[in-house]
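In the numbering used here, the protein residues as written are 246 to 629.
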């Protein structure tokens, strides 16, 4: 089987971030509105309708953690510590150039960290209901969506019209389709794209302020990869196919995703915040836009929700569609919701889908790389 080849214009994650830093500076100098965001629950449509640019804030980097630990517990999730550390030290230009932050209570650690972040910049915190189906959950969440609209209007001194929201919904749905099509290239067997490129491209494109440009790039790359499959991959043998689930992988791309592929398997799917989870579900363009936004984001399958059966349902479908041979669950240190859910995931993968499963509990430090390599190496051998 041909080796993976990255596109000539491929940018590494650090390169894309650096380029985006310069873009943010230019946008700020032009007087553009910039809103920092963190999570897939964030209703970007309202930011777009406010004629503002949404940019994903920094939440990776072991070097950002020491400054955070001056105020945060050492045994806290590295993503939370890195997010606060990058902000408090001004090492995240996205935070520096943002006018405000739109965040959400996806875990208790984040919730309390945002109180400290609010000392640095205006933070609007969306309070998630504890479950998606409980009595009053949708109405509660709808009020939270309305509160975002009202805060944006008050903060910027503007009026967000229904027409602007509807236009933003249509644009974001087109973006969702482009992202999903790109992800689904890896359903081809053998996959013509590495999981490392998938993770890097999707994560890097979150920094793009121009959604039309992002859509065009993804559509072009998807077409190139489908053509490549027909020319060089179709009919060839496939390496073992791995699905990654659990916590976000942006901070451990080199540590886990890249190593799996260097050890002899292909990462073909992501059932996590860095995957197609939010992209598979467009917003209804016919309904009242605020209601449609609330319904859509409340359907996100995150471990913060209790219960969270949608995650196993999504895993079931994705394992079949991507013809997965084994599942690797990434658990960031002290991420309690995903850690507790991992037992149900392990049982589902091994007893219902009858394929191997491994959980990797880690942080952003390189200190456990040798141990991870040993465990991943043995896992990939099991799949051969």
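C-beta: ideal position from N, C-alpha, C; glycine also.
Local Cβ density within 10 Å of residue i, reported as buried at 16 or more and exposed below that
i	result
residue 579	buried
residue 504	buried
residue 297	buried
residue 627	exposed
residue 516	buried
residue 599	exposed
residue 271	exposed
residue 476	exposed
residue 379	exposed
residue 315	exposed
residue 558	exposed
residue 445	buried
residue 354	buried
residue 623	exposed
residue 290	buried
residue 247	The predicted model places residue 247 with a pLDDT of 45, which falls under 50 and marks its position as unreliable; any figure quoted below should be read in that light. By the neighbour-count rule (16 or more Cβ atoms within 10 Å), residue 247 is not buried but exposed.
residue 319	exposed
residue 402	exposed
residue 389	buried
residue 597	exposed
residue 511	buried
residue 384	exposed
residue 534	buried
residue 295	buried
residue 521	buried
residue 449	buried
residue 570	buried
residue 276	exposed
residue 447	buried
residue 406	exposed
residue 423	buried
residue 587	buried
residue 381	exposed
residue 435	buried
Boundaries of the alpha helix (DSSP H) in which residue i is found, first to last residue
i	result
residue 498	Neither: residue 498 is in no alpha helix (DSSP H) and is coded neither H nor E.
residue 381	Where residue 381 is concerned, there is no enclosing alpha helix (DSSP H), given that its DSSP letter is neither H nor E.
residue 417	407-428
residue 353	353-362
residue 468	456-473
residue 504	503-507
residue 442	440-450
Start and end residues, beta strand (DSSP E) containing residue i
i	result
residue 515	511-517
residue 486	486-491
residue 370	368-371
Own chain residues within Cβ distance below 7 angstroms of residue i, not counting five before or after
i	result
residue 404	398
residue 336	309
residue 618	504
residue 361	316, 329
residue 526	541, 544
residue 584	576
residue 238	Nothing about residue 238 can be reported from this structure: the residues present for the chain run from 246 to 629 only.
residue 614	500
residue 474	433, 437
residue 419	460
residue 456	416, 420
6 angstroms CB neighbourhood of residue i in its chain, flanking five on each side removed
i	result
residue 340	281, 302, 332
residue 377	543, 550
residue 273	342
residue 321	354, 579
residue 396	369
residue 602	572, 591, 594, 595
residue 563	514, 516
Chain-order list of residues whose beta-carbon lies under 8 angstroms from that of residue i (same chain, five-residue window excluded)
i	result
residue 496	304, 305, 306, 323, 324, 327, 577, 609
residue 286	349, 351, 371, 373, 542, 545, 547
residue 593	557, 560, 561
For residue i: DSSP bridge partner residues
i	result
residue 281	300, 346
Return the chain-ordered ranges of every alpha helix (DSSP H) run that is complete within the stretch 537-620 and spans a minimum of 4 residues. Within the stretch 537-620, the complete alpha helix (DSSP H) runs of at least 4 residues are 554-566, 581-592.
Contained alpha helix (DSSP H) runs [length at least 4] in the stretch 290-345, N- to C-terminal order: If you keep only unbroken alpha helix (DSSP H) runs of at least 4 residues inside the stretch 290-345, you get 310-313, 323-333, 338-342.
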